[in-house]
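With the UniProt record's numbering, letter number 288 in the sequence shown gets 288, and the count goes up by one each step, no holes. All C-beta atoms in this analysis are idealised placements derived from N, C-alpha and C, irrespective of residue type, glycine included. Quick caveat, the model's predicted, so the values are computed rather than measured. I have placed the structure first, in the form of structure tokens, so that the comments after it can refer back to it.
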Amino acid sequence: MGEHDLNRRQFIKTASVVSVAAAAMSVPFISARASDTRFVGKTLRLLTWSDDTGLAALRNIAATFEAKTGAKVIADRTGSTSEMVAKLKAGGDRPQYDIITLAGVGAEGLAAAGLLEKPDLNRIPNLADVPAQYRTGAGGHGIGYLLWCNSLVYSTRTLKQAPDSYAALWDADLAPNIFLPPPNWTEAMDLIIIAAKLAGGDEHNIEPGFKKLAELKDRVVTLGENPNQIAELFRTGSLDMGGLYAPAFFPKQIRDPAYSLGATFGMKEGFYTDLMLSVMPKNRPGDTDLAYAFIDHSLDPLVQGKMAEDIFNGPVNAKAIISAEARKSPYILTPEQIADKAIMHDNAFLATVHDQWIRRYTEIFSS
């Protein structure tokens, strides 16, 4: 889509190469099988996120893949999709990586540059259990492996019950102090559409949305570029509610009572999702069968369930195994919730309007 998507995770600036075994925090939950011994001793090079989503992928996907196959996964981690794109482009026709996990817009750019192989879907058996809209992206060059899901986040000190509608953002008595996403994030585009729908319009009749957003101006404490700062504002009691924002930004803080930070996907209007992709560079250094096995493993129902429970991303596999205890959580998504409430971005449409919408949004909250 645009540069605002490329920088959605720019708040993390570090990059490091790590051993997956060192990053794994617990004993892998998938054991080796005799049928996978053909991969023993082989190496797969992975580029993934520096943030908690990347660490969760190392714990739940890479470490369990090593245990299952006897292969070694060497992970390079970086903080934004734009950095991932730059790394692959810098490698030219000799890429460093076998698999890259990144946002869809980055995959689209790499595919357009002719740097990606289009996977053979017949070599990924677990795709059979993934709904069609989540199977591929970037013109078939990427395989969906999780959903980045946005919701409302709120102070459990201020609100004793989770909000069930985005209209709660406009309730000054319920939430006097709020935050909104920054204008260059896709979440802001979704919020504009939500505001329009609450005001009787929609994405094609957007003017009511900007008028409704202007009603929030005097209560906005910050446009949340930095998730760590947002968490601290909740901890100190300076924020009551905000969104759209991903609970995946706050896996530790949500679990820490000191932050009084809650999240919900239970809005009656639904919640927005962004498909994250695994891609295979052309001329990659490793074994092709191993790369396909890794992608298929990332879609394993148990792996998908563990990722959802660990990091609050949405599973793409409709048979993802979510534990009974996790199903009680308001911010751990189940396949049933996704089928019922998830809304996919219309990236093609947003690409035609995002520059104008960013300008209007910025004008409202900067004056």
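Pull up the DSSP beta-bridge partners for residue i, would you.
i      : result
VAL105 : Note: VAL105 sits in no beta bridge, so no partner.
LEU261 : SER155
TRP148 : ASP274
TRP49  : THR78
ILE343 : TYR272
LEU116 : PRO281
VAL220 : ILE178
ILE99  : LEU46
ILE143 : THR136 and SER278
DSSP three-state call for residue i: helix, strand or coil?
i           : result
LEU44       : strand
ASN205      : strand
MET241      : strand
ILE322      : coil
ASP76       : strand
GLU187      : helix
GLU225      : coil
GLY314      : strand
PRO281      : strand
residue 369 : With the chain covering only 1 through 367, there is no way to say anything about residue 369.
LEU121      : helix
ALA138      : coil
VAL85       : helix
LEU302      : helix
ALA179      : Here the sequence assigns Phe to residue 179, which means Ala is not the residue at that position. Three-state DSSP puts PHE179 in a strand.
VAL130      : coil
ILE332      : coil
PHE250      : coil
To the nearest angstrom, how far is it from the Cα of residue i to the Cα of residue j?
i      : j      : result
TYR166 : GLN337 : 17 Å
GLU309 : ARG123 : 27 Å
ILE178 : LEU169 : 7 Å
ALA320 : PRO182 : 32 Å
ASP171 : GLU117 : 49 Å
CYS149 : ASN184 : 17 Å
TYR284 : SER50  : Reading off the sequence, residue 284 comes out as Arg, not Tyr. So the two alpha carbons sit approximately 22 Å from each other.
SER366 : TYR272 : 25 Å
ARG82  : GLY106 : The question names Arg, but residue 82 is Ser in the sequence shown. The alpha-carbon atoms of SER82 and GLY106 are separated by roughly 7 Å.
MET25  : ARG235 : In this prediction, MET25 has a pLDDT of 48, which is less than 50 and means its spatial position is unreliable; what the coordinates show is noted afterwards. Distance between the alpha carbons of MET25 and ARG235: 27 Å.
MET276 : ALA326 : 22 Å
ILE311 : ASP52  : 7 Å
ALA128 : PRO330 : 28 Å
VAL40  : LEU46  : 17 Å
GLY201 : ARG219 : 23 Å
ILE230 : LYS252 : 13 Å
SER101 : GLU363 : Contrary to the premise, residue 101 reads as Thr rather than Ser in this sequence. For THR101 and GLU363, the distance between alpha carbons rounds to 34 Å.
LYS87  : LYS211 : 41 Å
ASP98  : VAL303 : 20 Å
LEU290 : ASN60  : 17 Å
ASP355 : ALA188 : 12 Å
THR352 : ALA324 : 43 Å
ASP274 : SER151 : 12 Å
ILE254 : THR186 : 23 Å
ILE206 : ALA195 : 9 Å
Out of the options, which has the shortest C-alpha to C-alpha gap to residue i?
i           : options                           : result
MET344      : GLY79, LEU146 and THR362          : LEU146
residue 368 : ALA318, ASP171 and ALA326         : The question about residue 368 has no answer here: the residues shown for the chain are numbered 1 through 367.
ALA138      : GLN161, ALA103, GLY201 and LEU121 : ALA103
LYS217      : PRO247, MET267, TYR361 and PRO163 : TYR361
residue 370 : SER278, GLU232 and VAL303         : What the structure shows of the chain is the stretch from 1 to 367, and residue 370 is not part of that stretch, so it cannot be assessed.
LEU121      : VAL353, ALA351 and GLY140         : GLY140
ALA214      : ASN205, GLY224, ILE192 and HIS204 : ILE192
ALA246      : ASN60, ALA199 and LEU180          : LEU180
LEU223      : THR37, VAL85 and ILE358           : ILE358
THR37       : GLN161, ALA293 and GLU108         : ALA293
PHE265      : GLN161, ALA111 and LYS89          : GLN161
Going by beta carbon distance, what residues of the same chain come within less than 6 Å of residue i, once the five residues before and after it are set aside?
i      : result
THR156 : SER260 and GLY262
ALA57  : THR48
GLU269 : TYR166
PHE249 : PRO227
ASP190 : LEU244 and TYR272
ALA342 : THR273
Starting from the C-beta of residue i, find all residues in its chain whose C-beta is less than 7 Å away, skip the five residues before and the five after it, and write them out in chain order.
i      : result
LEU72  : Position check: residue 72 holds Lys in this sequence, whereas Leu was assumed. Cβ neighbours of LYS72 beyond the five flanking positions: THR43 and GLU66.
GLY54  : THR48 and ARG77
ASP287 : LYS42
ASN126 : ASP296, LEU299, ASP300 and ASN317
THR136 : GLY142, ILE143 and GLY144
ALA62  : VAL20, LEU46, VAL73 and ALA75
Using a Cβ-Cβ cut-off of 8 Å (strictly less than) and excluding sequence neighbours within five positions of residue i, which residues of its own chain qualify?
i      : result
ASP240 : TYR154, SER155, THR158, LEU159, LEU174, ALA175, PRO176, ASN177 and ILE178
LYS282 : ASP93, PRO95, GLY114, LEU115, LEU116 and GLU117
VAL130 : GLY144, LEU299, VAL316, ASN317 and ALA318
LYS197 : GLY209 and GLU269
SER238 : ASN177 and VAL221
ALA258 : ARG235
ILE332 : ALA308, GLU309, PHE312, ILE322 and ALA326
PRO335 : PRO315, ASN317, ALA318, LYS319, ALA320 and ILE322
Beta carbon of residue i: closer than 7 Å to some heavy atom of the ligand MG?
i     : result
MET84 : Ligands displayed in this structure: none; no statement on the ligand MG is therefore possible.
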